[in-house]
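A.B. asks: Each residue of the sequence shown is one higher than the last, beginning at 1 in full-length UniProt numbering.
Ideal Cβ placement from N, Cα and C applies to all residues, glycine included.
Please read all numbers here as calculations on a predicted model, not as lab measurements.
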Amino acid sequence: MANRTKLTQKKREDFLIELEQHGNVTRAARAIGIRRQYAYEVKAEDPIFSEAWDNALQEWADLLEGEADRRAFEGTVKGVWYKGEQVGEEKQFSDTLLMFRLKALRPDLYKERQATELTGEGGGPVRTATVSAALSPDDLEGLDAQALARLYFGGKP
């Protein structure tokens with residue numbers, strides 16, 4: 001195994017602070033002078049560090065959600081430009097972020113709904129048959145789906 005920098009308690013804390021603020025393992029590892037893979041190895045070996053890591057990423061996710069909410073609800077100020085000069089500002093809101101947040105917070109109201117409808121030939125009802133009443137399991141063993149369809153649907157597969 002290659003010579004590695006020991007991940008001291010201070011370095012672990014610095015790593016977790018960086019991870020919480022930026023949500024990026026590579027960036028957090030570089031900030032304390034270790035390889036990203038080594039950080040994952042320590043995480044796998046140390047359940048307390050692993051839990052703190054997961055909590056840091058949850059904090060990062062909370063920050064992202066807060067920023068998404070702000071952009072959707074409060075908007076962001078953008079410059080209005082004309083012939084290369086800024087002539088004003090306008091506030092822009094993100095309907096896309098708003099919809100994502102609504103879907104996450106109230107999936108019962110805003111989730112994508114899909115329905116599947118099965119129909120038979122020509123849009124008619126699906127034909128069904130009870131096979132067990134007419135044939136024994138031994139009789140059915142040698143028949144394929146086409147033969148069963150011909151038998152029960154009067155010659156039409």
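For Q58, I'd like the list of residues in its chain whose CB is within less than 6 Å of its CB, leaving aside the five on either flank, ordered along the chain.
C.D. replies: Here residue 58 is taken as the residue at index 58 of the sequence shown, counted from 1. Within the same chain, Q58 has no close Cβ partners at all.
A.B. asks: DSSP puts E59 in a beta bridge; with which residues?
C.D. replies: One-based indexing of the sequence shown puts residue 59 at position 59. When beta bridges are read from the DSSP output, E59 appears opposite no residue.
A.B. asks: Exposed or buried, which one is L118 when buried takes at least 16 other CB atoms within 10 Å?
C.D. replies: Stepping through the sequence shown from its first residue, residue 118 is reached at position 118. By the neighbour-count rule (16 or more Cβ atoms within 10 Å), L118 is not buried but exposed.
A.B. asks: Grab me the residues of I32's own chain with a C-beta within less than 7 Å of its C-beta, minus the 5 sequence neighbours each way, in chain order.
C.D. replies: Along the sequence shown, one-based indexing puts residue 32 at 32. Same-chain partners within the cutoff: K11, D14 and F15.
A.B. asks: For E67 versus K78, is the C-beta spacing smaller than 8 Å?
C.D. replies: Within the sequence shown, numbered from 1, the residue matching residue 67 stands at position 67. Within the sequence shown, numbered from 1, the residue matching residue 78 stands at position 78. No, Cβ-Cβ distance for E67 and K78 is not below 8 Å.
A.B. asks: Would you mind reading off the limits of the alpha helix (DSSP H) that contains T26?
C.D. replies: For the purposes of this step, residue 26 is taken as residue 26 along the sequence shown, with counting starting at 1. Unbroken alpha helix (DSSP H) run through T26: V25 to I32.
A.B. asks: Which of the three DSSP states, helix, strand or coil, is assigned to Q92?
C.D. replies: Translated into the one-based positions of the sequence shown, residue 92 becomes position 92. Strand at Q92.
A.B. asks: For a test of the three-state rule: what should DSSP assign to E112, helix, strand or coil?
C.D. replies: Mapped onto the sequence shown, residue 112 falls at position 112. E112 falls in the coil class under three-state DSSP.
A.B. asks: Taking the C-alpha atoms as reference points, what is the distance between L63 and E85?
C.D. replies: Walking along the sequence shown from the start, residue 63 turns up at place 63. Walking along the sequence shown from the start, residue 85 turns up at place 85. If you take the alpha carbons of L63 and E85, they lie about 34 Å apart.
A.B. asks: At the level of alpha carbons, what is the spacing between Q92 and D69?
C.D. replies: As a working mapping, residue 92 is identified with position 92 in the sequence shown. As a working mapping, residue 69 is identified with position 69 in the sequence shown. If you take the alpha carbons of Q92 and D69, they lie about 13 Å apart.
A.B. asks: Are the beta-carbon atoms of A44 and R35 separated by less than 8 Å?
C.D. replies: Counting from one through the sequence shown, the residue named residue 44 turns up at place 44. Counting from one through the sequence shown, the residue named residue 35 turns up at place 35. Contact: no.
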